[in-house]
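There are 2 protein chains.
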Amino acid sequence: MSILVIGSVAFDTISTPFGAADDVLGGSACYFSTSASFFTDVNLVAVVGDDFPQQHIDFLSSRGIGLEGLQRAEGQTFRWKGRYEYDLNEAHTLDTQLNVFEQFKPVLPESYRQAEYVFLANIDPELQLEVLEQVKNPKLVACDTMNFWISGKRDALIRTLARVDTLVINEAEVRQLANEPNLVKAASIVRGFGPKTLVVKRGEYGVLMFGAHSIFSAPAYPLEEVFDPTGAGDTFAGGFVGYLASTRNLEESNLRKAIVFGTVMASFTVERFSLDRLRNLEYQEIEDRYRRIKLLTDFGQLD
Amino acid sequence: MSILVIGSVAFDTISTPFGAADDVLGGSACYFSTSASFFTDVNLVAVVGDDFPQQHIDFLSSRGIGLEGLQRAEGQTFRWKGRYEYDLNEAHTLDTQLNVFEQFKPVLPESYRQAEYVFLANIDPELQLEVLEQVKNPKLVACDTMNFWISGKRDALIRTLARVDTLVINEAEVRQLANEPNLVKAASIVRGFGPKTLVVKRGEYGVLMFGAHSIFSAPAYPLEEVFDPTGAGDTFAGGFVGYLASTRNLEESNLRKAIVFGTVMASFTVERFSLDRLRNLEYQEIEDRYRRIKLLTDFGQLD
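In structure tokens form, the structure reads like this:
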């Protein structure tokens, strides 16, 4: 079953302690859809400017990503410039140019409105709602957001969350959204806003998923080389929703497996700049790393 | 088999966003030995002043902790004063009074020198070495340290580590000791100093254990009420070494179970000030929480 994702397609300029990259392909919808494409079909809704080169279109097409909803507008593509220090958990934004994204009105092609799996990447919650109103009868709506919308468009965000099944956000953002420092209590408050499932991203510390019946903890895959964390969260979400859509199973045991697949996908992305590590990734490598995370977390039952 | 622990017995004065406590029982050796006493016998080597009340002696005795090595010196007991903000991962030290600890020379009673399991809590690495020289033929030497010794007594610490099997330290301290920001690389460097096993404490993010053949990741138990993190690390170490000594099994699968028992013990300690939660803890509660961590981390194999 195919997934619908709405989010950004961007040029990123990044510096880390290990190197720098200028105007490379990025954006939440790119990371998500490329990651999800290893599991199932994805249709992308986003906007680019007239500076967006054919080679990136060709790459996304080569991953089987549906681009009928990729609008092309006059002007420049969205640009983000950021820096990381040795603490790779924290991105320092140096510059954001919305460009064509400023006037973006998501309009779903007719064939996308039947989407059963929807991911609303981190964009204005009012746009997220507009998309939801165009989707007929989704099985799963997952959503990301950020501190900027939590503080600046809280009311719209709360209206969106009421229609979301699974919220995927950072640890600090859960605390901010709930206005509660204890994560377990904060998760309970945020689940009260609507999402039955809350997936808390903790960077190199992995993921906590709060569901109706239990909490699930998954570690990040320990890497000797973390090169650039940009896109890790969206790549995670792509693996998570991608696996769920490919298996058509939303039981808790399957949600847990999906979390681990998301973690695996993110672990590849951070090994290189941009989407470079995913360009030549083989599905067998994904399963290998899934098995390694199983070994990493395994310990004995009590007698 | 009994454990030998050398460390501090202290009075702690603590404030957190949730309350405050004055001159309560604390110190690394107290937390460690009380935690380990749920699994096996413990002998404690430490020093207290003439202000140390009988009620604390009685409590430690009631846990079956051997106090033959608890020296009593003229003067005041070691005192630590600290504060936590909402980020409970970070302790802000307001005052440290070494008092009788300043002149402390650890002398092991004859019967302690046969100890097979030794824990060198976070004290001057020169004292840690003096203790090791008095122990005849230990099966397992585990050790803690801190940033103060890593920067101030690095040479002595490196000499101590050459004789240590298992180093149990905080994440930031691993990076500092190795002078390497990547944790996986840092762990490899630190294991090169001597310890076959490195246990990295990450506060609310759990524990990573780096061994000869694999890495093991255990989450912290998610708590709705984290009241006071003081002593969590030493309580963890007490459960870890305590379980190993009680089972007399140093295979990797058993080290993993021991890590989870340590995590369980720490999760109780942080629910109250001082050792208060451990005072009325039942062994059945420990096993219950172990099983909950099993459920927390469980996910399916690939077909």
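These protein sequence lines map, in sequence, to chains D and G.
Quick note on this note's numbering: the first sequence kicks off at 1 and runs consecutively.
Quick note on this note's numbering: the second sequence kicks off at 1001 and runs consecutively.
Where is the CB? At the ideal position from N, CA and C, for every residue including glycine.
If we call anything under 8 angstroms between Cβ atoms a contact, is residue i one with residue j?
i	j	result
G/Val1048	G/Thr1013	no
G/Tyr1290	G/Phe1261	yes
G/Ala1245	G/Thr1040	yes
D/Ser37	D/Gly75	no
D/Val306	D/Gly66	Nothing can be reported for residue 306 of chain D: it is not among the residues displayed for chain D, which extend from 1 to 303.
G/Thr1160	G/Gln1114	no
D/Ser28	D/Ala121	yes
G/Val1226	G/Val1270	yes
G/Gln1071	G/Leu1108	no
G/Leu1140	G/Leu1250	yes
D/Pro125	D/Lys105	no
G/Thr1034	G/Leu1296	no
G/Ala1046	G/Ser1002	no
So what does DSSP say about residue i, is it helix, strand or coil?
i	result
G/Met1209	strand
D/Ile215	strand
G/Asp1023	strand
D/Ser2	coil
G/Asp1095	strand
G/Lys1201	strand
G/Phe1032	helix
D/Val47	strand
G/Val1264	helix
G/Arg1079	strand
D/Leu108	coil
D/Ile189	helix
D/Leu127	helix
G/Leu1183	helix
G/Arg1256	helix
D/Gly300	coil
G/Ser1037	coil
D/Asn122	coil
G/Val1241	helix
How many whole angstroms separate the CB atoms of residue i and residue j, which I take to be in contact at a CB cut-off of 8 angstroms?
i	j	result
G/Ile1169	G/Ile1006	No, G/Ile1169 and G/Ile1006 are not in contact; Cβ-Cβ is about 16 angstroms, not under 8 angstroms.
G/Phe1148	G/Phe1032	Not a contact, Cβ separation roughly 19 angstroms.
G/Arg1202	G/Glu1180	Not quite, the Cβ-Cβ distance comes to about 17 angstroms (not below 8 angstroms), so this is no contact.
D/Val24	D/Ser274	4 angstroms
D/Leu281	G/Val1184	No, D/Leu281 and G/Val1184 are not in contact; Cβ-Cβ is about 21 angstroms, not under 8 angstroms.
G/Ala1187	G/Phe1210	4 angstroms
D/Gln54	D/Ala73	Not really, about 16 angstroms apart at Cβ, beyond 8 angstroms.
D/Ile150	D/Phe193	Actually they do not touch by this definition, with Cβ atoms about 11 angstroms apart.
Only counting the same chain, and skipping five residues up and downstream in sequence, which positions put a Cβ closer than 6 angstroms to that of residue i?
i	result
D/Leu132	Arg163
D/Leu167	Cys143, Pro195 and Leu198
D/Ile286	Val264
G/Gln1097	Arg1079
D/Thr16	Tyr84 and Asp228
D/Ala232	Ala266, Thr269 and Val270
D/Leu4	Asn43, Tyr112, Ala115 and Val118
G/Phe1011	Asp1023, Thr1077 and Arg1079
Within its chain, find whatever has a CB closer than 7 angstroms to the CB of residue i; leave out the 5 residues flanking it on each side and keep chain order.
i	result
D/Thr263	Gly206, Val207, Ala218, Ala220, Tyr221, Phe236 and Ile293
D/Ala212	Lys196
G/Val1190	Leu1167, Val1174, Leu1177, Ala1178 and Leu1198
G/Leu1094	Lys1081, Gly1082 and Arg1083
D/Lys136	Arg113 and Gln114
D/Asp22	Thr13
D/Asp165	Leu140, Val141, Ala142, Pro195, Lys196 and Thr197
G/Thr1247	Asn1254
By Cβ distance below 8 angstroms, which residues in the same chain neighbour residue i in space, the five residues on each side in sequence not counted?
i	result
G/Arg1272	Phe1227 and Asp1228
D/His92	Gly82, Arg83, Tyr84 and Glu85
G/Glu1204	Leu1088, Asn1089, Ala1220 and Val1226
**Request:** Could you list the residues in the segment 1242-1255 of chain G with a C-beta less than 7 angstroms from some C-beta on chain D, going in chain order?
**Result:** Result list: Ser1253.
**Item:** chain G contacts from the segment 170-194 of chain D (Cβ-Cβ distance under 8 angstroms)
**Value:** Cβ contacts with chain G come from Pro181, Asn182, Leu183, Val184 and Lys185.
**Request:** Could you please tell me which residues of the segment 210-226 of chain D, in chain order, have their CB closer than 8 angstroms to any CB of chain G?
**Result:** Of all residues in the segment 210-226 of chain D, Ser214, Ile215, Phe216, Ser217, Ala218, Pro219, Pro222, Leu223, Glu224, Glu225 and Val226 have a Cβ within less than 8 angstroms of some Cβ in chain G.
**chain G contacts made by the segment 257-268 of chain D, where a contact means CB separation under 9 angstroms** = If the cut-off is 9 angstroms between Cβ atoms, the segment 257-268 of chain D has Lys257, Ile259 and Val260 near chain G.
**Message:** Closer than 8 angstroms between beta carbons: that is the criterion. Which residues of the segment 289-301 of chain D meet it against chain G?
**Reply:** In summary, the residues of the segment 289-301 of chain D whose CB is separated from some CB of chain G by less than 8 angstroms are Tyr290, Arg291, Lys294, Leu295, Leu296, Thr297, Asp298, Phe299, Gly300 and Gln301, in the order they occur in the chain.
**Message:** Closer than 7 angstroms between beta carbons: that is the criterion. Which residues of the segment 1057-1089 of chain G meet it against chain D?
**Reply:** Listed by position, the residues of the segment 1057-1089 of chain G near chain D (Cβ gap below 7 angstroms) are Tyr1086.
**Request:** Could you please tell me which residues of the segment 112-126 of chain D, in chain order, have their CB closer than 7 angstroms to any CB of chain G?
**Result:** Shown here is that no member of the segment 112-126 of chain D has a Cβ falling below 7 angstroms from a Cβ of chain G.
**Request:** Anything in the segment 274-286 of chain D with a Cβ closer than 8 angstroms to a Cβ of chain G? List those residues in chain order, please.
**Result:** So nothing in the stretch comes that close.
**Asked** Which residues, in order along the segment 196-208 of chain D, keep a beta-carbon less than 9 angstroms from a beta-carbon of chain G?
**Response** Here the close residues are Arg202, Glu204, Tyr205, Gly206 and Leu208.
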